[in-house]
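Residues in the sequence shown are numbered consecutively from 111, following the working numbering. Ideal Cβ positions, reconstructed from N, Cα and C, are used throughout, including at glycine.
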Amino acid sequence: RRDEPTNWSTPLVVQVDGRKQVVMNGQNFARAYDLKSGEELWRCGGQTERPAASAVAGDGLVYVGSGFRGSFMGAFRPTGRGDIEGTDSVAWELTRDTPDVASPLLSGERLYFYKAKTGLLTCVNAKTGEPYFTAERIPGMSSTYASPIAAGGYVYLTDRSGKIVVIKDAGKLEIVATNDVGEPVDATPAPVGNQLFVRSADSLFCFSD
Numbered sequence: 111r112r113d114e115p116t117n118w119s120t121p122l123v124v125q126v127d128g129r130k131q132v133v134m135n136g137q138n139f140a141r142a143y144d145l146k147s148g149e150e151l152w153r154c155g156g157q158t159e160r161p162a163a164s165a166v167a168g169d170g171l172v173y174v175g176s177g178f179r180g181s182f183m184g185a186f187r188p189t190g191r192g193d194i195e196g197t198d199s200v201a202w203e204l205t206r207d208t209p210d211v212a213s214p215l216l217s218g219e220r221l222y223f224y225k226a227k228t229g230l231l232t233c234v235n236a237k238t239g240e241p242y243f244t245a246e247r248i249p250g251m252s253s254t255y256a257s258p259i260a261a262g263g264y265v266y267l268t269d270r271s272g273k274i275v276v277i278k279d280a281g282k283l284e285i286v287a288t289n290d291v292g293e294p295v296d297a298t299p300a301p302v303g304n305q306l307f308v309r310s311a312d313s314l315f316c317f318s319d
């Protein structure tokens, strides 16, 4: 029986101890299901309304967040079972400045995410949740749907206006460049080799070295 309202996030498949889990970002709970059987493996509450950001995973943790009418970001150990809220399966939680539409970016030991749809950027230690910087205002960034991406030692931040801000992929905020495609952009750019594909409202751009 379905007990979750609508959400907009994309499921994430992770491999845990030889078993594939499907991680879902839900309004009532973040949940993981066994891919083969459909059995619910674990769940954790705390999410906000209408989650849209998709989960990301790496180095033994799954990160799930939402930022519409509230704020929540949790780092979960997917080896837990049942309701893991308040247990050691929750590595850390944050309850401010978390993303709404754009998904978080996990790059090495850093987790980047926007505050709601504002473009204010936070970067935390992915293992501990300790901040490197919090809700930093970046020139050119004011409204975001596209998720941040990492490539070649840089993080690319895309504003809905079409501006793309490049920062160093590091624990200290350092802006490298700002570009403008001249058209609105809501889609997340896609890096392929030394090329970057950007889909705007009316065009598809390819940038390369």
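Residue i versus residue j: straight-line alpha-carbon distance, rounded
i: Ile259; j: Lys227; result: 16 Å
i: Gly170; j: Gly272; result: 35 Å
i: Thr197; j: Gly190; result: 9 Å
i: Val308; j: Tyr222; result: 20 Å
i: Glu159; j: Glu203; result: 17 Å
i: Tyr266; j: Ser217; result: 12 Å
i: Ser257; j: Val172; result: 17 Å
i: Gln305; j: Asp193; result: 43 Å
i: Ala165; j: Leu151; result: 16 Å
i: Asp127; j: Cys316; result: 39 Å
i: Asp312; j: Ala167; result: 32 Å
i: Glu240; j: Tyr224; result: 16 Å
i: Ala261; j: Ile274; result: 14 Å
i: Asn289; j: Asp319; result: 14 Å
i: Ser147; j: Met183; result: 28 Å
i: Leu231; j: Asp113; result: 33 Å
i: Gly229; j: Arg206; result: 14 Å
i: Pro161; j: Asn117; result: 5 Å
Bridge partner(s) assigned by DSSP for residue i
i: Thr232; result: Phe223
i: Glu203; result: Gly184
i: Thr146; result: For the record, residue 146 in the displayed sequence is Lys; it is not Thr. DSSP lists no partner for Lys146.
i: Thr288; result: Val275
i: Gln125; result: Lys130
i: Ser217; result: Arg220
i: Glu246; result: Leu231
i: Arg191; result: In the DSSP output, where bridge partners are listed per residue, Arg191 has none listed.
i: Val302; result: Gln305
i: Pro209; result: Ala226
i: Tyr266; result: Ile259, Val276
i: Phe315; result: Val308
Same chain, Cβ closer than 6 Å to residue i, five either side skipped, listed in chain order
i: Gly177; result: Thr208, Pro209, Asp210, Ala226
i: Cys233; result: Arg220, Tyr222, Tyr242, Phe243
i: Pro121; result: Val132, Met134
i: Gly155; result: Phe139, Glu195
i: Pro115; result: Gln137
Whole-Å CB distance - residue i paired with residue j, under 8 Å assumed
i: Pro188; j: Gln137; result: Contact flag wrong, Cβ pair sits at about 20 Å.
i: Ala236; j: Arg220; result: 6 Å
i: Tyr264; j: Lys278; result: 6 Å
i: Gly175; j: Pro214; result: 6 Å
i: Lys201; j: Ala212; result: Reading the sequence as shown, one finds Ala at residue 201 and not Lys. No, Ala201 and Ala212 are not in contact; Cβ-Cβ is about 22 Å, not under 8 Å.
i: Ser119; j: Ala163; result: 6 Å
i: Pro299; j: Thr268; result: 6 Å
Close beta carbons around residue i, own chain, < 8 Å, minus the five adjacent residues each side
i: Val123; result: Lys130, Gln131, Val132, Val133, Leu145
i: Glu149; result: Tyr143
7 Å CB neighbourhood of residue i in its chain, flanking five on each side removed
i: Ser310; result: Gly272, Val291, Glu293, Pro294, Val295
i: Gly281; result: Arg220, Cys233, Tyr242
i: Arg270; result: Ser253, Thr254, Tyr255, Pro294, Val295, Asp296
i: Ala142; result: Gln131, Val132, Val133, Leu151, Trp152, Pro188
i: Val276; result: Tyr264, Tyr266, Val286, Ala287
Inter-stretch contact (C-beta, 8 Å, three-pair minimum) for the segment 272-289 and the segment 237-250: These segments touch.
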